[in-house]
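Protein chains in written order, with the numbering used here: chain A, 571 to 1050; chain B, 5 to 310. Glycine included, each C-beta is placed from N, C-alpha and C at the ideal position. All values reported here derive from a predicted model rather than from experimental measurement. Comments concern the structure below.
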C-alpha cells in the first residue's frame, strides 16, 4: 500500500477512527490495533514476506530477552552475535547474494577462469533494510547496556512494524520510540493538525515535485547517449529534485501520519539543499540513517578520537557502507566514496562543524558567500547523484564523460515545461521560507485569516490532484 | 477531538462534493468503451466477424470494409485476458458469429494490460463492461485514472465546447491515426520494441491459457478463429527480441497444429505493407488499415470456401 494511493487514503481514516474511538480505553489495545494495521499494511504489498518480518521481530525480541537475562558475558555475547548474524544473513541473502556471486564470477573471469554465478531469483522484501536496522539498533543497545529488553511482545512488534515507518523509515531508536509506545497517548489537536499539514506537504513533494521531475530525469537517464552534455546536466538536476521530493516527501507523510496517532518520529530531512558544505548536507539528509551509522559504526570504530588518520578511515568506511546499504551495485559504492572524498577536506582541516546553524537565520536572503557555498554544495551533490541514478558504472561514466564534452555548451534539447518550472520555483521558495521549521509549511500562514490559510491548503490539494492520476508512482526508497 | 473532527469535516466537504460532481460529469461523457460495450449488448447476436485484440487491430481493421457483418471490439492495450472476458460476457448471444479474429503480436503473450503503463485502462472495463480481472478500488472511478488536467479538458470539451470523446467509427475502428500525421518510423520502431519487451513468466503461461480458452470457446460454438500477427514496419520488427518473438510464434504454431478450427497468419514482416501504410512503426494508418482489412476479408472468404 503506497502513501500516495487511494487505498491508503481509506486505510488511514479507518485506523484513526478505530484508534481514538474504539481502542482508546487503553494504550495496550491501541498497540494491538497498530500492530494488526501495520501487518495488514505490509501484507498488502506481499503477504509472504510478512513471515520474514515476524521472524525478524521474534528473533530480536527473544535474543534481547536472553541478553538481559544472561548471567555472564559470554552468554550475552552468544545471543548478541546470533541476532546480528541472522539479521545480517537475511539482508545478505535477499539483498546482496546475487551481487557478490556475480562480482566473484567477474573477478575470477579477469584471471581467465570462467565460473557460472549461481544467482537467486528472489524479490527484495520491501523495507528489509529499514526494519533490519531497527532490530540491529535494539540488540546493540541492549548489548551495550543502554536499554533493557522489552518484555511485552506487542509493544516491541509495534516498535519494529509501526506502519508509517515500516517500509522506508525513518530508522527509529528504541530509546526514542519505545517509551512512546509504552505509555497512554492522549489526543492532541495541535499535533493532529500539524500531522495533517505535514502529510499534505509530503504529498505535494512526492506528486507535484518528485513525480514530475522523474519524467524528465527518466527520459534523460534512460536515453543518455542521445543527449548533449547540457541536457544531461539538466537530467541530473531533475533527479536531485526527484529523489529529494520523493524521499523527504515519504518521510513527511510518515511523520505526519504518526502524529495523528500521538507519536513523534525522528526527523529525517532538514532542508539539505540549502547546506553550505557537504558535512552540513549529511547532517540534513536522511538524518536517521546518518546518525545510525554515526552511533553504531563510526563511534565503535573509534570515531574522531584517534587523530586525523582514524577519522579519515572511519569516514570512508561509513560512507562506503552507507552506499552499499542503498543497494547491491557498484554505483552506490562509488556514490558513497564520492561523498567521502567531498567531506575529506573538512575532516583534515577540522571544519566539518563550521555550519551548525541554519543558513541566513532570521534573514530573508543568504549572503553572497553563503549563496556560492549553497550552489557549490548542491553541484557536488548533483554530480554524486549521477552515480546513484545510473544503471551501472559504465552508464555513469559515459554520462559523466558526455557532460564534460563540447556539447555542454549547446542549448539543452529537453527543456522543462513552464508549469513544471513554476512549481519547482514555488516549492523552493516555500522551502526557503520555512527552512527554520520542521517542514516548509509548518508555521506558514499561522497568522493569516482562516479563509486565506484554507485557500492556501486548497491550492496545494488542487495542485496535487492536477498532477496526480493514472498509476501511483512508487517511492524510490522502497527498493532499498 | 470534536474540534478536530468538525474542522476536518468542514474542510473536506467541498473537496468531496467536487469529487462526486467530477465523477458524475466524467461518467456521462460518451467514450469508446461505453460505445463498444453498449453496441455489443444490443448487437452481438447480429455480428458475424468479431475482431479482438490490442491497438494493432483497433487501428488496423475497419469492419465497414468487410463483406460480413463485423465489429471491432479491440482497444488500445487490450490483452488476451480481456478478449476472453468480452467473449464470455456475451457467450449466449453470439448467434451468427462465424469468425473471431484475434491479434497475437510480439507482446500478446509477454504481458497483460495489468503489467504495463496502460493498466489504468482497466477501470474502463470495470465501469463500462462490468469486467474485472483484478480487484483494485480505484478501478471503480474515472477520476482516479487520469490527471486532473486531462479530465478537466474532457469535461470542458464535452459540456462547454460540445465536442465528443469518441474517435471510432460506428463499427469500432479507431480513426485517430491519420496518414497526414505519420510519425518518424525509425524512432518509434525502437521505442515501441523496447516498450513491448517486458516479459513475465507467470503472465506468459496465463495468457497462453487465455488464448486457448478463446480457441476452445470458438470450437465449442463452431466458430472459426483466425490468429494474426499484425503488420509492422521493419524498424519495429527488426528491433524485437528474436528469442521472445520465436517463443510466441512457436506457441501459436503449436496451437495451429492442435486445433482444426483455427488458422494462424504471421503478417509481422509482410512485404505488401510499406512505409506509407504506417502511422508509426507498429500501427497502421487509414491507408494501411484498408489494405490490412481487405487482406483479412479475403482470408475469411477463402476459409469460407473451404
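For residue j and residue i, the rounded distance between their alpha carbons
i, j, result
"residue 637 of chain A", "residue 732 of chain A", "24 Å"
"residue 964 of chain A", "residue 954 of chain A", "15 Å"
"residue 952 of chain A", "residue 855 of chain A", "14 Å"
"residue 256 of chain B", "residue 268 of chain B", "7 Å"
"residue 930 of chain A", "residue 957 of chain A", "31 Å"
"residue 902 of chain A", "residue 908 of chain A", "10 Å"
"residue 975 of chain A", "residue 941 of chain A", "27 Å"
"residue 617 of chain A", "residue 830 of chain A", "26 Å"
"residue 112 of chain B", "residue 211 of chain B", "8 Å"
"residue 625 of chain A", "residue 698 of chain A", "12 Å"
"residue 186 of chain B", "residue 864 of chain A", "59 Å"
"residue 209 of chain B", "residue 218 of chain B", "14 Å"
"residue 879 of chain A", "residue 850 of chain A", "21 Å"
"residue 933 of chain A", "residue 1000 of chain A", "15 Å"
"residue 994 of chain A", "residue 787 of chain A", "14 Å"
"residue 108 of chain B", "residue 57 of chain B", "8 Å"
"residue 644 of chain A", "residue 576 of chain A", "51 Å"
Short Cβ contact (8 Å threshold) for residue i with residue j
i, j, result
"residue 800 of chain A", "residue 982 of chain A", "yes"
"residue 840 of chain A", "residue 815 of chain A", "no"
"residue 620 of chain A", "residue 724 of chain A", "no"
"residue 104 of chain B", "residue 303 of chain B", "no"
"residue 581 of chain A", "residue 572 of chain A", "no"
"residue 743 of chain A", "residue 798 of chain A", "no"
"residue 1036 of chain A", "residue 152 of chain B", "yes"
"residue 196 of chain B", "residue 285 of chain B", "yes"
"residue 233 of chain B", "residue 271 of chain B", "yes"
"residue 936 of chain A", "residue 944 of chain A", "yes"
"residue 83 of chain B", "residue 116 of chain B", "yes"
"residue 832 of chain A", "residue 719 of chain A", "no"
"residue 5 of chain B", "residue 757 of chain A", "yes"
"residue 144 of chain B", "residue 193 of chain B", "no"
"residue 1051 of chain A", "residue 702 of chain A", "In the structure as shown, chain A begins at 571 and stops at 1050. Residue 1051 of chain A is therefore absent and cannot be evaluated."
"residue 630 of chain A", "residue 709 of chain A", "yes"
"residue 297 of chain B", "residue 65 of chain B", "yes"
"residue 308 of chain B", "residue 259 of chain B", "no"
"residue 838 of chain A", "residue 739 of chain A", "yes"
"residue 827 of chain A", "residue 734 of chain A", "yes"
"residue 1067 of chain A", "residue 775 of chain A", "There is no way to answer for residue 1067 of chain A, as the model of chain A reaches only from 571 to 1050."
Residue i - DSSP class collapsed to helix/strand/coil
i, result
"residue 839 of chain A", "coil"
"residue 201 of chain B", "coil"
"residue 103 of chain B", "strand"
"residue 684 of chain A", "coil"
"residue 869 of chain A", "coil"
"residue 172 of chain B", "strand"
"residue 968 of chain A", "helix"
"residue 832 of chain A", "coil"
Host alpha helix (DSSP H) of residue i (start-end)
i, result
"residue 29 of chain B", "6 to 31"
"residue 711 of chain A", "698 to 713"
"residue 228 of chain B", "Element bounds for residue 228 of chain B: not the alpha helix (DSSP H) but the beta strand (DSSP E), 228 to 233."
"residue 660 of chain A", "643 to 661"
"residue 737 of chain A", "Premise fails: residue 737 of chain A is in no alpha helix (DSSP H) and is neither H nor E."
"residue 898 of chain A", "Element bounds for residue 898 of chain A: n/a, residue is neither H nor E."
"residue 1036 of chain A", "1020 to 1037"
"residue 980 of chain A", "Premise fails: residue 980 of chain A is in no alpha helix (DSSP H) and is neither H nor E."
"residue 581 of chain A", "576 to 587"
"residue 631 of chain A", "620 to 639"
"residue 939 of chain A", "938 to 959"
Limits of the beta strand (DSSP E) - the one that residue i falls within
i, result
"residue 267 of chain B", "266 to 270"
"residue 53 of chain B", "53 to 56"
"residue 283 of chain B", "282 to 284"
"residue 76 of chain B", "74 to 76"
Whole-angstrom C-beta distance between residue j and residue i, which should lie under 8 Å
i, j, result
"residue 176 of chain B", "residue 77 of chain B", "6 Å"
"residue 4 of chain B", "residue 133 of chain B", "The shown model of chain B, from 5 to 310, leaves out residue 4 of chain B, and the question about it has no answer."
"residue 55 of chain B", "residue 74 of chain B", "7 Å"
"residue 597 of chain A", "residue 753 of chain A", "6 Å"
"residue 696 of chain A", "residue 737 of chain A", "5 Å"
"residue 41 of chain B", "residue 94 of chain B", "Actually they do not touch by this definition, with Cβ atoms about 10 Å apart."
"residue 762 of chain A", "residue 8 of chain B", "5 Å"
"residue 627 of chain A", "residue 726 of chain A", "7 Å"
Heavy atom of the ligand NAP within 7 Å of residue i beta-carbon
i, result
"residue 900 of chain A", "The ligand NAP is not part of the structure shown, which contains no ligands of any sort."
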